[in-house]
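Trainee:
Number of protein chains: 2
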Amino acid sequence: MGSGELRIIPIQGIPEARPGDSVAELVLAGMAASSLAGEPGDVLVVTQKVVSKAEGRLVRLADVEPSPLAIEYAARWERDPRQVELVLRESVRIVRMDRGLIIAETRHGFVCANAGVDLSNVTPGYAALLPLDPDRSAATIRRELCELTGWEPAVIISDTFGRAWRNGIVNVAIGVAGLRPLRDYRGLRDPHGNELRVTVIAVADELAAAAELVMGKTEGCPAAIIRGFAYEPGDGTARELVMPPERDLFR
Amino acid sequence: MGSGELRIIPIQGIPEARPGDSVAELVLAGMAASSLAGEPGDVLVVTQKVVSKAEGRLVRLADVEPSPLAIEYAARWERDPRQVELVLRESVRIVRMDRGLIIAETRHGFVCANAGVDLSNVTPGYAALLPLDPDRSAATIRRELCELTGWEPAVIISDTFGRAWRNGIVNVAIGVAGLRPLRDYRGLRDPHGNELRVTVIAVADELAAAAELVMGKTEGCPAAIIRGFAYEPGDGTARELVMPPERDLFR
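Protein chains in written order, with the working numbering: chain L, 7 to 257; chain H, 7 to 257.
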């Protein structure tokens, strides 16, 4: 591994998560199956889906009673009214609701499609909701990994989000533990001596995006290790990745 | 390098670009200085800044005559009226113009802050504009690398963009050559048998984000190689990464 080089290592063989499972134990099972050992300075990225399943954040659609709004919107755009109902329940603010889409703010402050409610990669007939507190989920994984093995990586919970103006979805960080999610270059100078005034890099989002490249959507690889990235340790929270309302031009 | 693993390798020692330079030759000089050899299947990510400099897309601020709108807006928000003028000239549509910010659509269709006009990492007193045709820039780099050495990586031109609703900026792809920028999972099935209906991943943006992690902003490392990613070869264009107006809820 060369100087300054980064490795992104998929963790294959992670068992399917069931409610009550320890995500740390699932990750360790996959690492054992792949003969992977953790190293100091690693970043572990785990998809939201495995965390939500382990935390029991699954809802049986047959149990959901849709509201009149959900029924009407679903009928108009050929969607499942029970999923629309779940989206409305998971939302604290609707940003856009048009053309069958719902872009909403979740209680965590994230603005995303369907408030994170997702029917893919779950048992048919169920929907997965976002973890209640993804930062806490990340901290739990980190603590348990350390207790079980002494390995204490920075942990990122990732999810795939759409973006305004850009096509396609990308992985972003919705929970973090052990690292600062933003890298702040403000006040530093570039090689030309210009002061960098607005450069705050969302490194946790870039780490999540990098991890997605080895995960794929169909192969059931819900975690990856990023090795060689000199992250800033600290008690970060994914809330730092949310644009503060007073600076948000797109509320 | 394990199965399915990705490596992200910074290319150090790339000389400062001057108008008329061949970016391919600059990259090769850096690779020689770092004892790096290209391999089949590599993705090369190059920052917009080095491309813009090599293509002479630099403007001396002292030569810019600001319009009344630029003067007024700059005065109100304590900005440089000449930079504001350049932003207006590089824009085909203003999406938001408030609180000192200008979010604009460029002629390429990208929506970003300042229409890509940037004062960092350039000689003080100058501004860098986006390349006129970043796809063509990427194709030229790719062709020249192949002619000079036989190495024909997929090429991505990257730039750092802000995002609606999220704090911090991330690298995205503004030009591509030799790869499909989107990976389309629609119609495939997840391990549970659910058909994946809306999953189109912006892999070129994720590759650009991954590359940023080894580049930094202050260290003058404007390129990286991503090795081990099974991209889909093809004549892609970064325009595929722009949300089509008819599907864009945030125009």
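Beta carbons are placed, not taken as given, at the ideal position from N, Cα and C, and that holds for glycine.
The model shown is predicted, which means the values in this text are computed figures rather than measured ones.
Can you say whether Glu71/H is buried or exposed, counting buried as having 16 or more other CB atoms within 10 angstroms of its CB?
Mentor: Counted from its first residue, the second sequence places residue 71/H at position 65. Result: exposed.
Trainee: To which residues does DSSP link Thr66/L through a beta bridge?
Mentor: To locate residue 66/L, count along the first sequence from 1; it is residue 60. According to the sequence as given, residue 66/L is Arg; it is not Thr. The partner list for Arg66/L (beta bridge, DSSP) reads Tyr132/L.
Trainee: Determine, using beta carbons only, whether Arg66/L comes closer than 8 Å to chain H.
Mentor: In the first sequence, the residue the question calls residue 66/L occupies position 60. No, Arg66/L does not count as interfacial toward chain H.
Trainee: Determine the direct distance from the alpha carbon of Pro251/H to that of Pro87/L, and round the result to whole angstroms.
Mentor: As a working note, residue 87/L is residue 81 in the first sequence. As a working note, residue 251/H is residue 245 in the second sequence. Cα-Cα distance, rounded: 27 Å.
Trainee: Is it the case that the Cβ atoms of Ala215/L and Asn177/L are separated by a distance below 8 Å?
Mentor: Here residue 215/L is taken as the residue at index 209 of the first sequence, counted from 1. Here residue 177/L is taken as the residue at index 171 of the first sequence, counted from 1. In contact: Ala215/L and Asn177/L (Cβ atoms closer than 8 Å).
Trainee: Ignoring anything shorter than 4 residues, give me the alpha helix (DSSP H) runs that lie fully in the stretch 167 to 222 of chain L, in order along the chain.
Mentor: List check, alpha helix (DSSP H) in window: 209 to 221.
Trainee: Name the chain L residues whose beta carbon is nearer than 7 Å to that of Met249/H?
Mentor: Taking the first residue of the second sequence as position 1, residue 249/H is located at position 243. Residues of chain L passing the Cβ test: Trp171, Arg172, Asn173.
Trainee: Helix, strand or coil for Asp104/H? Go by DSSP, reduced to three states.
Mentor: Locating residue 104/H in the second sequence gives position 98, counting from the first residue. If DSSP states are grouped into helix, strand and coil, Asp104/H belongs with the strands.
Trainee: Run down chain H in chain order and give the residues with a C-beta less than 7 Å from the C-beta of Phe136/L.
Mentor: By 1-based counting over the first sequence, the position of residue 136/L is 130. It is Leu, not Phe, that sits at residue 136/L in the sequence shown. Within chain H, no residue comes near Leu136/L; the closest Cβ sits about 15 Å away, beyond 7 Å.
Trainee: Which bits of chain L does Val176/H rub up against, with CB to CB less than 8 Å?
Mentor: Within the second sequence, the letter at position 170 stands for residue 176/H. Residues of chain L passing the Cβ test: Ile207, Ala208, Asp211, Glu212, Ala215.
Trainee: Would you give the residue range spanned by the alpha helix (DSSP H) that Thr155/H belongs to?
Mentor: Position 149 of the second sequence holds residue 155/H. Run containing Thr155/H: 140 to 155, per the alpha helix (DSSP H) assignment.
Trainee: Of all Cβ atoms in chain L, is any one closer than 8 Å to the Cβ of Glu11/H?
Mentor: Against the second sequence, residue 11/H aligns to sequence position 5. By this cut-off, Glu11/H is an interface position.
Trainee: Please report the residue range of the alpha helix (DSSP H) in which Arg13/L lies.
Mentor: What you label residue 13/L is simply residue 7 of the first sequence in a count that begins at 1. First-last for Arg13/L: 12 to 16, but that is the beta strand (DSSP E), not the alpha helix (DSSP H).
Trainee: Pairing CB atoms from the stretch 20 to 30 of chain H with CB atoms from the stretch 46 to 66 of chain H, are three or more of them under 8 Å?
Mentor: At 8 Å Cβ cutoff, the stretches touch.
Trainee: Residues of chain H with CB closer than 8 Å to the CB of Thr129/L, please, in chain order.
Mentor: Taking the first residue of the first sequence as position 1, residue 129/L is located at position 123. Result: His198.
Trainee: Could you give the DSSP three-state label for Arg257/L: helix, strand or coil?
Mentor: Start at 1 with the first residue of the first sequence, and residue 257/L comes out as number 251. It is coil, neither helix nor strand.
Trainee: Kindly indicate if chain H contains any beta-carbon less than 8 Å away from that of Ile14/L.
Mentor: By 1-based counting over the first sequence, the position of residue 14/L is 8. With 8 Å as the cut-off, Ile14/L counts as an interface residue toward chain H.
Trainee: Sorted by chain position, which residues of the same chain lie with C-beta nearer than 7 Å to Ala30/H's C-beta, five sequence neighbours on each side aside?
Mentor: Position 24 of the second sequence, counting from 1, holds the residue named residue 30/H. Cβ neighbours of Ala30/H beyond the five flanking positions: Ile147, Glu150, Leu151, Leu154.
Trainee: Taking 8 Å as the threshold, find out whether the stretch 177 to 192 of chain L comes into contact with the stretch 177 to 190 of chain H through three or more Cβ pairs.
Mentor: Segments in contact, no.
Trainee: For Arg113/H, would you say it is in contact with chain L, using Cβ-to-Cβ distances shorter than 8 Å as the test?
Mentor: In the second sequence, counting from the first residue as 1, residue 113/H sits at position 107. So, not an interface residue.
Trainee: Spatial neighbours of Arg102/L within its chain, please: C-beta separation below 8 Å, excluding the five flanking residues on both sides.
Mentor: Residue numbering aside, residue 102/L sits at position 96 when the first sequence is read from its first letter. Result list for Arg102/L: Ile108, Ile109, in chain order.
Trainee: Can you round the beta-carbon distance between Arg105/H and Met249/L to whole angstroms, since I take them to be within the 8 Å contact cut?
Mentor: Numbered from its first residue, the second sequence carries residue 105/H at position 99. Numbered from its first residue, the first sequence carries residue 249/L at position 243. So it is not a contact: roughly 12 Å between Cβ atoms.
Trainee: With respect to the alpha helix (DSSP H) encompassing Leu92/L, which residues constitute its N-terminal and C-terminal limits?
Mentor: If you number the first sequence from 1, residue 92/L lands on position 86. Per DSSP, Leu92/L belongs to the alpha helix (DSSP H) from 87 to 96.
Trainee: Are the stretch 223 to 238 of chain L and the stretch 34 to 46 of chain L in contact at 8 Å, needing three or more beta carbon pairs?
Mentor: The stretch 223 to 238 of chain L, when compared against the stretch 34 to 46 of chain L, does touch it at the 8 Å Cβ threshold.
Trainee: With burial defined as no fewer than 16 other Cβ atoms inside 10 Å of the residue's Cβ, what is the status of Asp241/L: buried or exposed?
Mentor: Here residue 241/L refers to the residue found at position 235 when the first sequence is read from its first residue. By the 10 Å Cβ count, Asp241/L comes out exposed.
Trainee: So, does the CB of Glu84/H fall closer than 8 Å to a CB anywhere in chain L?
Mentor: Taking the second sequence and counting its residues from 1, one reaches residue 84/H at position 78. It does not; no Cβ of chain L falls within 8 Å.
Trainee: Could you work out which residues of chain H lie near Glu246/L, taking near to mean beta carbons separated by less than 7 Å?
Mentor: For the purposes of this step, residue 246/L is taken as residue 240 along the first sequence, with counting starting at 1. Result: Asn173.
Trainee: Spell out whether any CB of chain L is found under 8 Å from the CB atom of Ile109/H.
Mentor: In the second sequence, residue 109/H corresponds to position 103, counting from 1. Cβ-Cβ to chain L under 8 Å: yes for Ile109/H.
Trainee: So what does DSSP say about Val123/L, is it helix, strand or coil?
Mentor: Position 117 of the first sequence, counted from the first residue, corresponds to residue 123/L. Of the three classes helix, strand and coil, the one that applies to Val123/L here is coil, per DSSP.
Trainee: For chain H, find out if any of its Cβ atoms is closer than 8 Å to the Cβ of Asp104/L; answer yes or no.
Mentor: By one-based count along the first sequence, residue 104/L stands at place 98. Chain H, which has a Cβ nearer than 8 Å to the Cβ of Asp104/L, makes this yes.
Trainee: Which of helix, strand or coil does DSSP assign to Ser73/H?
Mentor: Taking the second sequence and counting its residues from 1, one reaches residue 73/H at position 67. Residue state, collapsed to three classes: coil.
Trainee: Can a CB atom of chain L be found closer than 8 Å to the CB of Val220/H?
Mentor: As a working mapping, residue 220/H is identified with position 214 in the second sequence. Yes, because at least one Cβ of chain L sits closer than 8 Å to the Cβ of Val220/H.
Trainee: Using the Cα positions of Glu212/H and Leu247/H, report the straight-line distance between them to the nearest angstrom.
Mentor: Taking the first residue of the second sequence as 1, we reach residue 212/H at position 206. Taking the first residue of the second sequence as 1, we reach residue 247/H at position 241. Approximately 12 Å, taken between the alpha carbons.
Trainee: Checking contacts by CB at 8 Å: is Gly226/L closer than that to chain H?
Mentor: Indexing the first sequence from 1 puts residue 226/L at position 220. Closer than 8 Å: yes.
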